[in-house]
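Note that the working numbering has the sequence shown beginning at 53, numbered continuously upward.
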Amino acid sequence: MDFLKEIEEHFNKLSGRQLAAFYTKKIDDFLSGIFNSIESNKPIALIAIGGYGRAELAPYSDIDIMFFAEDKTDSKKVESMLYKLWDAGLTIGHCFRTPDECVAEAKKDLRTHTSLLEARFIAGDRGAYNYFHDRVYPELAYRKQKNFISGKLKEMEKRHKDFGGSVFLLEPNVKEGQGGLRDIHTVLWLSKIALKINNIEGISDIISGNDFRRLIKAYDFLLKVRFCLHLINGRRDDALSFGVQDYVSKKMGFNDSKKFSGSERFMRYFYLKASAVKEITSTISGMCLRQWLITGNWGAARKKKITDNFILYKGVIISSQKDILKNNPVNIMEAFYAFSKTGGYFSHTLREDIKRNLLLVGRKVRNSHRAVSFFLEIFKGKRVYETLREMLETGVLGRFIPEFGALKSLVIYEPFHRYTVDEHTMLAIRNLESLAATKYKNLEHLAESMKNIKEREILFMALLFHDIGKAAGRYHEEEGYKRLKNIVERFNIDIEKRQRIEFLVRNHILMSVFALKREIEDAEVIAQFADSASDEESLTALCLMTYADMSAVNPDFWTEWKAYLLKDLYERTLNHLRGIRKDPAAYIETILSSCADDDREGLSSFLNEMPEKYLLSTPPEKIHEDYNLARSVRKDGFAVAISEKSRGITEITIGALDSPGLFSRIVGFLSSKWLNIVRARLYTGKNGLVIDKIQISNWKELWWNEMKDVIKNGLKDVTAGVGSIILRGIAKEVNGKFDVFVELDNETSEESTVVEFFSKDRHGLLYDVSNLMHESGLNIISARVNTESGIAQDVFYIQHDGKKVNGLKAVKLLEFLWKNLKG
């Protein structure tokens with residue numbers, strides 16, 4: 053029994069619903085043939101339930117059946133059929149139930165209750181099925197309806213959260229995700245109970261003809277995509293992962309265009325359909341909720357005037373007169389201003405009226421001073437995110453700002469990113485606005501900054517436009533600035549505000565680059581960043597914008613570690629801008645004054661030997677610890693200290709005498725013990741003393757009783773060049789759209805060449821890269837390493853014979869790195 057070949061033959065000829073009906077009919081015929089071939093002494097009905105009952109089978113869907121009879125005296129027929137199905141290699145979900153058992157099981161379990169609502173006759177005794185339909189089904193459909201409705205709504209809310217909480221995920225689940233097939237199923241179940249609608253065609257009676265057509269088209273499309281996924285994967289898999297998007301888009305007929313690949317075009321179409329499902333199913337579920345669950349006396353409710361043309365009544369915003377939007381489309385912007393001023397939501401009628409008149413939002417409205425004034429006022433209110441979200445979902449935001457409309461459902465494949473460009477922007481605005489109510493300790497300083505910042509509307513506008521250049525097909529900074537300039541000029545924003553918005557958009561990734569990739573202990577680096585930030589207000593705005601942007605990349609991208617790095621950079625730069633720079637000689641004297649007289653000369657010698665950036669980046673108490681470490685190195689040739697830091701980080705400080713390939717051997721040994729290095733700082737003194745500070749993120753997770761001794765002894769051996777390093781591991785699976793990136797920079801630092809790379813992570817990668825540099829005759833002065841979501845993002849400061857790496861040496865290094873990282 054193999055119907056896959058037939059499905060493949062019919063794939064391009066049939067719609068999604070037709071494919072599902074075709075495959076379901078094949079299974080119906082096969083099962084009824086077997087069932088009818090077995091004799092029975094008692095009336096038994098073979099009934100399809102769940103997705104099979106709904107006639108919505110995909111190639112690898114669960115096939116659930118129920119044998120139904122008034123009693124179980126003839127169980128032999130059931131057993132015989134199951135044996136035949138197993139012999140045929142078909143995996144079936146099955147149950148044998150009586151009427152009382154159906155009702156009892158439905159009461160115990162919401163899923164069982166739901167699956168029985170989809171019951172459909174396949175074969176056997178029609179009278180038995182009629183008994184189920186006439187006597188059992190009413191018990192399921194008309195008893196405890198409120199419990200069922202509230203249960204399904206809670207189930208849907210949890211499912212949305214579990215599957216990413218957004219339609220606009222870069223790797224959405226076609227069935228379970230928001231805007232997916234399960235949302236359609238849910239409103240069908242709710243409608244059966246609350247509105248007595250038995251099938252999807254009945255939905256046409258409660259929504260507009262246009263919305264019904266949109267829903268059916270989306271349903272067809274999603275079903276066909278699910279078929280496609282099952283056929284390509286050869287198993288039940290409903291996730292549109294990066295690895296299959298190219299194959300699915302080709303099979304669905306989406307070809308490359310001049311600006312976008314076929315998979316990008318396909319994903320934008322997917323988001324269009326999933327958005328329609330989200331919008332329409334939300335409307336229907338709201339109808340079901342109002343029908344059965346909303347209670348209370350609204351008799352005392354009063355109408356409250358919000359603006360000249362809009363009123364708040366029972367928590368709902370309504371227009372004061374008919375055709376107010378059609379007669380003057382600028383009033384659409386007034387409606388959103390009214391939305392931003394209250395805690396209410398648009399009535400269904402008003403929302404539909406806005407969408408119906410959407411095309412009237414054209415050049416005249418965009419250039420209207422009144423419309424622009426309403427829009428700009430939104431950014432000063434307390435409901436910025438919700439208002440912009442509503443503008444986005446109704447299509448008004450894209451019509452009023454066409455430059456933003458071009459970002460709608462735009463897919464850009466970048467490391468770590470989980471959302472489309474427009475969704476990322478909305479989440480960034482949400483995260484920034486919600487800082488005021490944050491309960492997280494690592495966000496307290498940001499919340500305070502947000503409270504004190506002047507003209508917060510500038511920050512929200514900059515966030516709205518920060519990725520506007522990506523609409524060119526790939527990120528293009530010049531195009532972004534050009535589009536931004538058109539917007540701020542059209543809005544007639546005053547020159548000072550305009551300059552601040554342009555500054556924030558132009559530099560929105562600058563602070564994250566410095567915080568994550570640069571040696572911020574280096575006074576030169578801080579001075580360089582401070583020069584870009586220019587003043588305290590701009591620095592604070594840039595810090596807030598960086599947080600908002602980073603926290604909206606994916607739910608796990610913003611971490612306590614990144615919060616610490618961003619705060620560290622902010623405070624160092626703030627001190628620089630305020631002119632709080634300590635005199636190095638006075639600073640050293642302060643450190644020396646706190647030690648015993650007999651240590652003073654030795655400590656002074658140690659401080660004079662170490663590079664300036666060591667002084668700037670190391671607190672006084674830590675300097676004393678490092679000095680004691682250095683004394684041990686002078687005596688024994690090696691010393692190590694292991695200490696716990698905050699944020700779950702363990703720091704290993706290694707003291708040794710410099711030798712070629714020392715850093716490579718150290719990280720190689722640590723990697724061989726499966727320790728995850730998140731930060732490395734290398735300080736080399738004038739006389740060859742090396743202090744390496746390496747921070748580990750998973751020390752506690754890997755801890756065992758003798759771990760400290762094993763690590764210390766192992767490090768002693770590798771610094772002495774004793775023993776070998778053996779690494780075993782498997783590359784982690786990451787975004788298949790992501791490629792290797794390598795860059796060599798001779799401008800950031802005056803003394804060193806900065807090498808930065810992105811690559812798929814694998815066990816021992818840091819060792820391989822550092823060893824390659826050693827074998828190329830290069831000296832690693834410092835390093836900053838970071839690994840997230842299976843992607844390594846590492847930065848090295850290197851020299852050759854005490855100078856920057858130039859000419860053929862630089863070319864060879866890039867070539868070797870590229871081959872190693874690609875390999």
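Even for Gly, the Cβ is constructed at its ideal location relative to N, Cα and C.
Computed from a prediction, not measured in an experiment: that's the story for all the values here.
Beta-carbon proximity list for residue i, same chain, < 8 Å, skipping 5 on both sides
{"i": "LYS302", "result": "GLY314"}
{"i": "ASP587", "result": "LEU629"}
Whole-angstrom distance between residue j and residue i, CA atom to CA atom
{"i": "GLU758", "j": "LYS745", "result": "22 Å"}
{"i": "ASN739", "j": "GLU661", "result": "7 Å"}
{"i": "GLU404", "j": "ASP601", "result": "32 Å"}
{"i": "LYS877", "j": "ASP820", "result": "Nothing about residue 877 can be reported from this structure: the residues present for the chain run from 53 to 875 only."}
{"i": "ARG234", "j": "LYS227", "result": "5 Å"}
{"i": "LYS764", "j": "LEU722", "result": "10 Å"}
{"i": "ALA862", "j": "GLY829", "result": "12 Å"}
{"i": "GLY854", "j": "VAL806", "result": "14 Å"}
{"i": "GLY68", "j": "ARG106", "result": "14 Å"}
{"i": "GLY305", "j": "ASP272", "result": "15 Å"}
{"i": "PHE318", "j": "GLN297", "result": "8 Å"}
{"i": "CYS647", "j": "ASN680", "result": "12 Å"}
Proximal residues to residue i (C-beta, below 6 Å), its chain only, five neighbours per side dropped
{"i": "GLU808", "result": "GLU795, VAL847"}
{"i": "ASP574", "result": "LYS665"}
{"i": "ASP80", "result": "ILE174"}
{"i": "ALA480", "result": "LEU515, ALA600, ASP601, ALA604"}
{"i": "ALA326", "result": "VAL219, GLY231"}
{"i": "LEU222", "result": "ARG470"}
Proximity of residue i and residue j at Cβ, strictly below 8 Å
{"i": "LEU134", "j": "CYS154", "result": "no"}
{"i": "SER337", "j": "LEU275", "result": "no"}
{"i": "GLU442", "j": "PHE362", "result": "no"}
{"i": "ALA579", "j": "HIS628", "result": "yes"}
{"i": "LEU767", "j": "LEU824", "result": "no"}
{"i": "VAL719", "j": "ILE729", "result": "yes"}
{"i": "VAL565", "j": "GLU571", "result": "no"}
{"i": "ARG542", "j": "ILE510", "result": "no"}
{"i": "LEU281", "j": "ASP289", "result": "yes"}
{"i": "PHE215", "j": "ASN225", "result": "yes"}
{"i": "ALA175", "j": "TYR189", "result": "no"}
{"i": "ILE777", "j": "SER822", "result": "no"}
{"i": "CYS595", "j": "SER486", "result": "no"}
Identity of the residue in the options nearest residue i by Cα
{"i": "MET478", "options": "THR490, THR439, ASN494", "result": "THR439"}
{"i": "ALA585", "options": "ASP601, LEU402, VAL557, THR611", "result": "VAL557"}
{"i": "PRO712", "options": "PRO663, SER420, THR238, GLY773", "result": "GLY773"}
{"i": "ILE640", "options": "GLU485, ILE675, SER811", "result": "ILE675"}
{"i": "VAL52", "options": "SER684, PRO663, ILE833, GLY231", "result": "Limits of the chain in this structure are 53 at one end and 875 at the other, which puts residue 52 out of reach."}
{"i": "SER84", "options": "LEU71, ILE99, LYS94, GLN70", "result": "ILE99"}
{"i": "ALA121", "options": "ASP139, TYR104, CYS147", "result": "CYS147"}
{"i": "SER420", "options": "ALA390, GLY295, VAL382, ARG435", "result": "VAL382"}
{"i": "SER916", "options": "ARG683, CYS595, ILE748, THR670", "result": "For residue 916 there is no data in the structure shown, the boundaries of the chain being 53 and 875."}
{"i": "LEU818", "options": "THR771, PHE690, GLY859, ARG731", "result": "ARG731"}
{"i": "HIS815", "options": "ALA844, HIS185, LEU621", "result": "ALA844"}
Boundaries of the beta strand (DSSP E) in which residue i is found, first to last residue
{"i": "GLU509", "result": "Careful: GLU509 lies outside any beta strand (DSSP E), inside the alpha helix (DSSP H) at 508 to 517."}
{"i": "TYR888", "result": "No statement about residue 888 is possible, as the shown extent of the chain runs from 53 to 875 and does not include it."}
{"i": "LYS745", "result": "741 to 748"}
{"i": "LEU459", "result": "Where LEU459 is concerned, there is no enclosing beta strand (DSSP E), given that its DSSP letter is neither H nor E."}
{"i": "LEU98", "result": "97 to 101"}
{"i": "MET304", "result": "Counting along the chain, MET304 falls outside any beta strand (DSSP E), and DSSP gives it neither H nor E."}
Residues near residue i by beta carbon distance below 7 Å, same chain, minus five either side
{"i": "LEU66", "result": "PHE74"}
{"i": "ILE90", "result": "LYS129, SER132, MET133"}
{"i": "GLU331", "result": "GLU445"}
{"i": "LYS204", "result": "THR238, TRP241, LEU242"}
{"i": "LYS213", "result": "none"}
N- and C-terminal bounds of the alpha helix (DSSP H) containing residue i
{"i": "THR439", "result": "436 to 446"}
{"i": "SER656", "result": "649 to 661"}
{"i": "ASN680", "result": "672 to 688"}
{"i": "ASP813", "result": "From DSSP, ASP813 is part of no alpha helix (DSSP H); its letter is neither H nor E."}
{"i": "GLN230", "result": "Note, GLN230: premise wrong, no alpha helix (DSSP H); not H, not E."}
{"i": "ARG550", "result": "547 to 558"}
{"i": "SER723", "result": "714 to 724"}
{"i": "SER84", "result": "68 to 88"}
{"i": "ASN831", "result": "Note, ASN831: premise wrong, no alpha helix (DSSP H); beta strand (DSSP E) at 831 to 836."}
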